[in-house]
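Okay, so here's the structure we're looking at.
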Amino acid sequence: MTNRRDTVIVLNLDAKNRKKSDRRQTPNRRKPRIIAWLTRFRYQGEERRDAKRRTRLIDRRLKQRFLELFKKRTLAGLVGLTVSPDGFGVARIVWRGEGETPILKECFFVSATASAAEGTEWFSLNQTLRARELHHGRFAGLLFPGQYALFPAEAPQVARSELASAMKWRIKDRLEFPVKEAVVEVFDLPQKKNPGQPEMVYVVAAREAVIKECFNLFHQLNLPLVAIDILELALRNLTALLPDDAEGVGLLYLGRTDGLVQVTRGGVTYLARPLDFGVDQLLESLSGRADAGEEELAASSVIDSIVLEIQRTLDYYESHFMQPSVSCVYVAPLPVVFHGLLAVLADKLGMRLKELVLSKILEVEAKIDDIDLARCLPAIGAALRQDKTK
18 MTNRRDTVIV LNLDAKNRKK SDRRQTPNRR KPRIIAWLTR FRYQGEERRD AKRRTRLIDR
78 RLKQRFLELF KKRTLAGLVG LTVSPDGFGV ARIVWRGEGE TPILKECFFV SATASAAEGT
138 EWFSLNQTLR ARELHHGRFA GLLFPGQYAL FPAEAPQVAR SELASAMKWR IKDRLEFPVK
198 EAVVEVFDLP QKKNPGQPEM VYVVAAREAV IKECFNLFHQ LNLPLVAIDI LELALRNLTA
258 LLPDDAEGVG LLYLGRTDGL VQVTRGGVTY LARPLDFGVD QLLESLSGRA DAGEEELAAS
318 SVIDSIVLEI QRTLDYYESH FMQPSVSCVY VAPLPVVFHG LLAVLADKLG MRLKELVLSK
378 ILEVEAKIDD IDLARCLPAI GAALRQDKTK
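For the sequence shown, our numbering begins at 18 and goes up steadily by one.
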């Protein structure tokens with residue numbers, strides 16, 4: 018007879034044996050579950066990585082869109098902006114390519130009236146620029162004679178990059194203001210054909226305060242200023258487009274109270290002679306009559322002064338630079354029309370004169386009348402500036 022206690026022990030041993038057997042078989046039964054769990058973990062990891070990649074891609078696209086929305090647009094070409102007592106001349110020029118005719122895209126004049134309150138003209142200019150979306154463009158300013166000095170000087174033997182700073186101290190005795198206040202720049206002057214002559218350059222010197230004032234005007238209007246030119250080089254940009262500039266041409270420019278006689282050849286300024294009279298003085302000599310006849314024009318003392326300055330300029334060009342006579346003298350558009358002016362000047366000079374017609378050297382898309390076009394002539398010249406020209 019089997020003892021109950023022994024039976025219990027046997028049963029317990031059987032139970033223990035079954036548990037050990039179960040434990041040995043458990044890994045085989047759980048293996049599919051572990052593989053499934055690892056597979057899910059791998060898939061979930063890949064999904065998380067894909068989600069992160071998608072999030073980064075979306076963030077990058079959103080950032081690009083955000084930057085595009087707030088990115089400042091830039092207009093093609095260059096905008097010339099000039100400031101004069103009469104108002105503001107604005108012109109935008111676009112170059113299509115090497116050898117192509119430049120396009121006058123925009124051109125207008127904002128008049129300044131004596132009765133306008135201080136700052137009103139600037140507000141009107143600012144509104145006009147933004148209405149035409151020109152504030153997105155790059156701007157070139159312009160200095161007029163009286164705001165700077167221009168003269169030839171012998172160039173020292175230094176590197177080109179150091180030439181302007183070296184000339185600053187060489188010309189200090191020729192300036193009417195302290196040299197410490199001067200901003201100096203140089204550009205090439207054609208050399209004489211005589212061998213052994215020292216190299217000469219044109220020197221432009223302006224007060225630092227004048228340059229800062231120009232910068233401040235553009236800064237107040239929040240306009241990007243990329244260059245400041247002078248009148249002589251702006252007019253050179255125009256005559257360089259003439260087909261006969263390769264043979265040398267003269268140019269007569271008359272503003273309201275001053276003017277300029279200039280000779281260029283091959284896109285290079287040889288000589289520029291400032292005039293201390295302009296259209297207002299010519300009108301005064303004609304008793305205020307712009308429609309005066311040729312006889313009255315011929316009798317004007319201002320006409321005689323113009324003829325004398327042109328003759329002096331051409332004679333110096335031929336003798337000093339040993340160049341042949343210019344092919345023609347052009348007369349720039351005037352803010353006042355004088356009938357018979359070209360005929361009178363041609364008769365007194367004994368040579369051919371032509372009117373500078375902008376539509377023959379530019380593709381004019383801007384709609385502007387002849388009077389405002391003449392007022393904007395310096396701005397057009399400033400807008401014709403190219404980086405390769407100095």
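Idealized CB from N, CA, C, for every residue including glycine.
Between the region 281-294 and the region 323-341, the count of C-beta pairs closer than 8 Å reaches three or more; the two stretches touch. Taking residue 226 as reference, the option from 311, 197 and 348 with the minimal CA-CA separation is 197. With fewer than 16 other Cβ atoms inside 10 Å of its own Cβ, residue 205 counts as exposed.
With a cutoff of 8 Å on beta-carbon distance, residue 402 and residue 244 are scored as near each other. Distance from the CA atom of residue 343 to the CA atom of residue 141, rounded to whole angstroms, is 43 Å.
Rounded to whole angstroms, residue 224 and residue 263 show a C-alpha spacing of 35 Å. Within the region 332-407, complete beta strand (DSSP E) segments of at least 3 residues are found at 345-348 and 370-372, given in chain order. Taking all protein chains in view, the Cβ of residue 229 is surrounded by fewer than 16 other Cβ atoms within 10 Å, so the residue is classified as exposed. Across the structure, residue 231 and residue 242 are spaced so that their CA atoms are roughly 9 Å apart. Spanning the alpha carbons of residue 274 and residue 319 requires a straight line of approximately 12 Å. Per DSSP, residue 185 lies in no beta strand (DSSP E) segment; the continuous alpha helix (DSSP H) that holds it begins and ends at 180-187.
Nearest to residue 261 by C-alpha distance, out of 373, 177, 129 and 386, is 373. The C-beta of residue 208 has fewer than 16 other C-beta atoms within 10 Å across all chains shown, which makes the residue exposed.
Rounded to whole angstroms, the separation of the alpha carbons of residue 394 and residue 350 is 8 Å. Closest by C-alpha distance to residue 138, out of 116, 104 and 217, is 104. Residue state for residue 317 is assigned as coil, using DSSP reduced to three classes.
Per DSSP, the beta bridge partners of residue 281 are 266 and 286. Within the same chain, and ignoring the five residues on either side of residue 160 in sequence, the residues whose Cβ sits closer than 6 Å to its Cβ are 247. Within a 10 Å sphere around the beta-carbon of residue 326 sit 16 or more other beta-carbons, which makes this residue buried. For the pair residue 181 and residue 202, the CB atoms are nearer than the 8 Å cut-off. According to DSSP, residue pairing for residue 247 in a beta bridge involves 160.
In this structure, 355 is the residue among 281, 295 and 355 with its C-alpha nearest to the C-alpha of residue 314.
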